[in-house]
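Peer 1:
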Amino acid sequence: MSKAATIKKNNLDGYELDETRRQDLDQLIEVCRAHIDHIDEEALIRAFKLCYVSHEGMTRASGEPYYFHPLEVAKIVAREINIDDVSVVASLLHDTVEDTEVTLEDIKDLFGEQVALIIDGVTKITGVFESRDTKQAETFMKLLLSMAKDIRVVLIKFADRLHNMRTIQHLKREKRVKIASETKELYAPLAHRFGLFRIKNELEDLCFKTLDPTSYKFVARKLREKKEDRVRFIHEFMTPIENELKKLNFKFEIKGRPKHIFSIYRKMQRQQKPFEEIYDLFAIRIILEDPHTKEDCWRVYSIITDWYTPIPERFRDFISVPKANGYQSLHTTVITNKGRKVEVQIRTQRMNDIAEKGLAAHWKYKEGSKKGSETLDKFVSWVREVLDNPRPDAATDFVKDFQLNLYKDEIYVFTPTGEIRTLPTGATPIDFAFEIHSEIGERAMAAKVNGKMVPLRQKLKNGDQVDIITGNKINLNPDWIDDVATHKAKSRIRQFIKQKQRKVAEEGKELWEKRAERGKIEISDQELTKFAKRFKYESTQELFYDIGSGAFDVNELFKEVKKFKSTGRINSEDQQETSPIDEEVIQEKYRNAAREMGDGKALIINGELSNVKYNYANCCNPIPGDDVIGFISRSGSIKIHRTLCNNAQHLLKTESERIVDVSWAKNIDTQFLGAVKVIGGDRVGMINDITDVLSKSLETNMKSINVNSDSGMFEGIITVYVDGISHLNKIMKRLEKVEGVKNVLRYE
Ligand code: MN
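Sequential numbering of the sequence shown, starting at 1, is according to my numbering.
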């Protein structure tokens, strides 16, 4: 049967392993039996067969058949991490989908969804590890956790790396150095965080051995030379204690293994001492077997200090106050009668398991949210509970509890060069841009996410790669304030809005000052504050802002101030106001309104619809249909006049070189302000009739109407929103028909 057929057709059960492979498998099953409570041996056998068959013919750098690697990884997972048999099965198959013709579908068919998901996770995470620049171990770990829904994915990755490090000598030197540095910077600290202390220590030693073989060999040799001495010392030291403990029926184990080589070397470096002067090369560990309790630890402590003198400063009680990762133990350093210092650690079997395999790993982070730490606390107490009362389903629960999203408040995204950035959930490319640099945020024009253009306001997802496209100018949009999640972006946008408001207020102030000057009135700041209050503004600044933005008509203020100047009192708001025609006031209103109406799409300038800035001249207020001409102003914008306007005529004569050919665009969907003057005999209901004509029959919106009725005569100036000249002409024709109206003129 071909390899493919063996894999595809669920023929694995009938596949016969040869003697060597049979022995490999038996060894694995043995390790599993020793460390894991419930094993589905059938699945394990099938996984081993698939692992062997699919990698058949492939070799590693060492020349060994490839399947040695997944087999060893599976053993590490069983021995060092020992969560469950599913993780062992997944370890055996962890390289199949990436390197062989086995597909995820095959895995799903043969081993079920769970195993397939884990293998998918391992494959993806391997890609992330390899393609990204990953300087920050902690951030990276969070990324891994958030991407790998199943914690077993990460654990298998550790085992994978450990075996790769164990066999690193077969690689070329450059590759060795690269892998070892990465392991030292990333995997070892991560393993520590996970509480996988034994894996972490071994990784550190292997890195040390690869990166600084001379120093490694030196320390290792020294340790070897001292071994006999160490064994003898521990024996002498412990004999009286052991006798005491046995008398009291204690069940215990004594360990005196030296600390790992890298930590000894680090100590020599840090303390600037030769090897010989490092006194705590090893610690004696007394592990009390089940069912001993923490009270028993204290009894052992008391026995030891009966024999040897403790150094009080070196005493640590991690039983009453466990380390954040759940580590519990009593530590004491005592002096023998020969003056030798030795550290003794006392703990129960359960505490030792946590210390070595780190079920209650360090899940808490300095910057962790409250939710995160609550989850952690729950997790730790759960681990304790399980270890206190082992249940057959404990392993399944363990895995389930890990499927929580520890960091759901954060997402991790990448810069175009692969750097990781942490952002709050809900962040957009705008946040990302500000995160990179405030200038990039201010100039952001568009964003590419995973190579595709997206709106700046689109929410980012975990793992997105974000590229911000910037312009030359500041492009900050005040509306972005609702689209950002980071403090940094929010505060900068707020600052920008304030600046903008200040500028608008300054413009408003200027408008007012000009208006006051033209109307020849003077008013103190104090008095002006009163007017601001009268119009329900908190300050003159706010009033100026509304004037500047066009929300408040400067003429209204002018009218009030003028009245105040002649009457000496400020109108209160509820006093009804009449609005007699004040030519000046109306003209000003008209001007402001015309300015407001400026729009970028109404005019064809030099034959094309362009984005050149232009505005309409106040003197003639052109509307579509009018014959118009443009003049380039000194600021570079174009001022549009009606051709017949007196000012335009003058400019045509004197500065003809500034003329630009303009015409109206075909489809203008903006409305313009037009004004008409209506003259006639006054009568009751005149205004009503006029407004009726406009709103009902012509469906025209009126902006204002100002009426002067004096000795039987009626004169009104009406400003209306129009599409263009024909609309305005229609209005004028209809108004002429209103009873009593004698004359209707375009008002300029
Ligand atoms: Mn591997």
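Ideal placement from N, C-alpha and C gives every residue a C-beta, glycine not left out.
Pull up the CB-CB distance for Val662 and Thr643, whole angstroms please, since I reckon it's below 8 Å.
Peer 2: Translated into positions along the sequence shown, residue 662 becomes position 662. Translated into positions along the sequence shown, residue 643 becomes position 643. At roughly 10 Å, the Cβ-Cβ gap does not stay under 8 Å, so Val662 and Thr643 are not in contact.
Peer 1: Considering only DSSP beta bridges, list what Trp664 is partnered with.
Peer 2: Taking the first residue of the sequence shown as position 1, residue 664 is located at position 664. In the DSSP output, where bridge partners are listed per residue, Trp664 has Leu603.
Peer 1: Kindly provide the ranges of any beta strand (DSSP E) runs that are 3 or more residues long and lie completely inside the stretch 182-256, ordered along the chain.
Peer 2: Entirely contained in the stretch 182-256, the beta strand (DSSP E) runs reaching 3 residues are, in chain order, 252-255.
Peer 1: Just to confirm, does Val154 get its C-beta within under 7 Å of one of the non-hydrogen atoms of the ligand MN?
Peer 2: Mapped onto the sequence shown, residue 154 falls at position 154. No - the ligand MN has no heavy atom lying nearer than 7 Å to the Cβ of Val154.
Peer 1: Whether or not the stretch 150-158 and the stretch 39-46 are in contact is what I'm after, with contact meaning three or more pairs of Cβ atoms, one per stretch, closer than 8 Å; do they touch?
Peer 2: At 8 Å Cβ cutoff, the stretches do not touch.
Peer 1: In the DSSP assignment, find the alpha helix (DSSP H) that holds Ala551 and state where it starts and stops.
Peer 2: For the purposes of this step, residue 551 is identified with residue 551 of the sequence shown, where counting begins at 1. No alpha helix (DSSP H) holds Ala551; DSSP gives it neither H nor E.
Peer 1: On the DSSP bridge assignment, give the partners of Met453 in chain order.
Peer 2: The count along the sequence shown starts at 1 and reaches residue 453 at position 453. Bridge partners of Met453: Lys448.
Peer 1: Given 8 Å as the limit, is there contact between the stretch 488-506 and the stretch 524-534, that is, 3 or more CB pairs closer than that?
Peer 2: Contact between the stretch 488-506 and the stretch 524-534 is absent, because fewer than three Cβ pairs lie under 8 Å.
Peer 1: Helix, strand or coil, according to DSSP, for Met702 in the structure here?
Peer 2: If you number the sequence shown from 1, residue 702 lands on position 702. Three-state result, Met702: strand.
Peer 1: Return the residue from the list Tyr327, Lys737, Leu652, Phe544 that minimises the CA-CA distance to Ile354.
Peer 2: To locate residue 354, count along the sequence shown from 1; it is residue 354. Here the closest residue by C-alpha is Tyr327.
Peer 1: For a test of the three-state rule: what should DSSP assign to His641, helix, strand or coil?
Peer 2: Counting from one through the sequence shown, the residue named residue 641 turns up at place 641. His641: strand per DSSP, three-state reduction.
Peer 1: When we look at the beta-carbon of Ala34 and count the other beta-carbons within 10 Å, is it buried (16 or more) or exposed?
Peer 2: Taking the sequence shown and counting its residues from 1, the one referred to as residue 34 is at position 34. Counting Cβ neighbours within 10 Å, Ala34 comes out exposed, since fewer than 16 surround it.
Peer 1: Tell me which residues pass a beta-carbon proximity test against the ligand MN: closer than 7 Å to any heavy atom, given in chain order.
Peer 2: So the residues near the ligand MN by this Cβ test are His69, Pro70, Val73, His94, Asp95, Asp160, Asn164.
Peer 1: Could you give the residue range of the alpha helix (DSSP H) that holds Tyr614?
Peer 2: Locating residue 614 in the sequence shown gives position 614, counting from the first residue. Premise fails: Tyr614 lies in the beta strand (DSSP E), 614-616, not in any alpha helix (DSSP H).
Peer 1: Kindly indicate which residue of Asn706, Ala505, Lys559 has the alpha-carbon position closest to the one of Lys520.
Peer 2: As a position in the sequence shown, residue 520 is number 520, starting the count at 1. The candidate whose alpha carbon is nearest that of Lys520 is Lys559.
Peer 1: So, for Val741: in the same chain, excluding its five sequence neighbours on each side, which residues have a beta-carbon less than 7 Å away from its beta-carbon?
Peer 2: As a working note, residue 741 is residue 741 in the sequence shown. The residues are Val678, Gly680, Leu735.
Peer 1: Using the Cα positions of Glu72 and His163, report the straight-line distance between them to the nearest angstrom.
Peer 2: Start at 1 with the first residue of the sequence shown, and residue 72 comes out as number 72. Start at 1 with the first residue of the sequence shown, and residue 163 comes out as number 163. About 7 Å.
Peer 1: Can you tell me which of the three DSSP states Leu281 falls into?
Peer 2: Position 281 of the sequence shown, counting from 1, holds the residue named residue 281. If DSSP states are grouped into helix, strand and coil, Leu281 belongs with coil.
Peer 1: Does the stretch 502-510 come into contact with the stretch 451-466, if we say contact requires no fewer than three beta-carbon pairs (one atom in each stretch) closer than 8 Å?
Peer 2: Cβ pair count under 8 Å is below three, so no.
Peer 1: Where does Gln349 fall in DSSP's three states?
Peer 2: In the sequence shown, residue 349 corresponds to position 349, counting from 1. Looking at Gln349 - three-state DSSP - the assignment turns out to be helix.
Peer 1: From the DSSP output, read off the bridge partner residues of Leu12.
Peer 2: Here residue 12 refers to the residue found at position 12 when the sequence shown is read from its first residue. Beta-bridge pairing links Leu12 to no other residue.
Peer 1: Exposed or buried, what is Ile304 when buried is set at 16 or more other beta-carbons lying within 10 Å of its beta-carbon?
Peer 2: In the sequence shown, residue 304 corresponds to position 304, counting from 1. Buried: at least 16 other Cβ atoms inside 10 Å.
Peer 1: Please return the same chain residues whose Cβ sits closer than 7 Å to the Cβ of Ala191, not counting the five positions on each side in sequence.
Peer 2: Position 191 of the sequence shown, counted from the first residue, corresponds to residue 191. So the list reads Phe158, Ile199, Lys200, Leu203, once near-sequence residues are dropped.
Peer 1: Kindly list the residues whose CB is nearer than 8 Å to the CB of Cys207, restricted to its own chain and excluding five residues on each side of it in sequence; keep chain order.
Peer 2: As a working mapping, residue 207 is identified with position 207 in the sequence shown. Within the same chain, Cys207 has close Cβ partners Met165, Ala180, Ser181, Thr183, Lys184, Ala188, Phe262.
Peer 1: Assign Gln671 to buried or exposed, taking buried as 16 or more other Cβ atoms, counted over all protein chains shown, within 10 Å of its Cβ.
Peer 2: For the purposes of this step, residue 671 is taken as the residue at position 671 of the sequence shown. Per the 10 Å Cβ criterion, buried.
Peer 1: Per DSSP, what kind of secondary structure is Asp723 in: helix, strand or coil?
Peer 2: Sequence index remark: in the sequence shown, residue 723 carries index 723 (1-based). Here Asp723 sits in coil by DSSP.
Peer 1: Note down, in chain order, each residue of its chain lying with its Cβ closer than 7 Å to the Cβ of Ser215, except the 5 sequence neighbours on either side.
Peer 2: Against the sequence shown, residue 215 aligns to sequence position 215. If we look at Ser215 and ignore the five residues flanking it on each side, its Cβ neighbours are Tyr265.
Peer 1: Consult DSSP for Gln576 and reduce its assignment to one of helix, strand or coil.
Peer 2: For the purposes of this step, residue 576 is taken as the residue at position 576 of the sequence shown. Caution is warranted here: a pLDDT of 37 is assigned to Gln576, below 50, making its placement in the model unreliable, and the coordinate value is therefore given only provisionally. Gln576: coil per DSSP, three-state reduction.
Peer 1: Which class does Val738 belong to by DSSP, given the choice of helix, strand or coil?
Peer 2: To locate residue 738, count along the sequence shown from 1; it is residue 738. The answer is coil: DSSP assigns Val738 none of H, G, I, E or B.
Peer 1: Less than 8 Å between the C-beta atoms of Thr123 and Val97, yes or no?
Peer 2: Sequence index remark: in the sequence shown, residue 123 carries index 123 (1-based). Sequence index remark: in the sequence shown, residue 97 carries index 97 (1-based). Cβ distance < 8 Å, so Thr123 and Val97 count as in contact.
Peer 1: Per DSSP, which residues does Glu677 bridge with? Please list them.
Peer 2: Position 677 of the sequence shown, counting from 1, holds the residue named residue 677. In the sequence as presented, Glu is not what sits at residue 677; that position holds Lys. Its beta-bridge partners are Ile717, Leu745.
Peer 1: Checking the sheet assignment: what are the DSSP bridge partners for Tyr412?
Peer 2: On the sequence shown, residue 412 is found 412 positions in, with the first residue counted as 1. Paired residue(s): Thr422.
Peer 1: Run through DSSP, which three-state label would Phe318 get?
Peer 2: To locate residue 318, count along the sequence shown from 1; it is residue 318. Coil at Phe318, not helix or strand.
Peer 1: Please return the same chain residues whose Cβ sits closer than 6 Å to the Cβ of Leu694, not counting the five positions on each side in sequence.
Peer 2: Taking the first residue of the sequence shown as position 1, residue 694 is located at position 694. Correct list, in chain order: Thr700, Met702.
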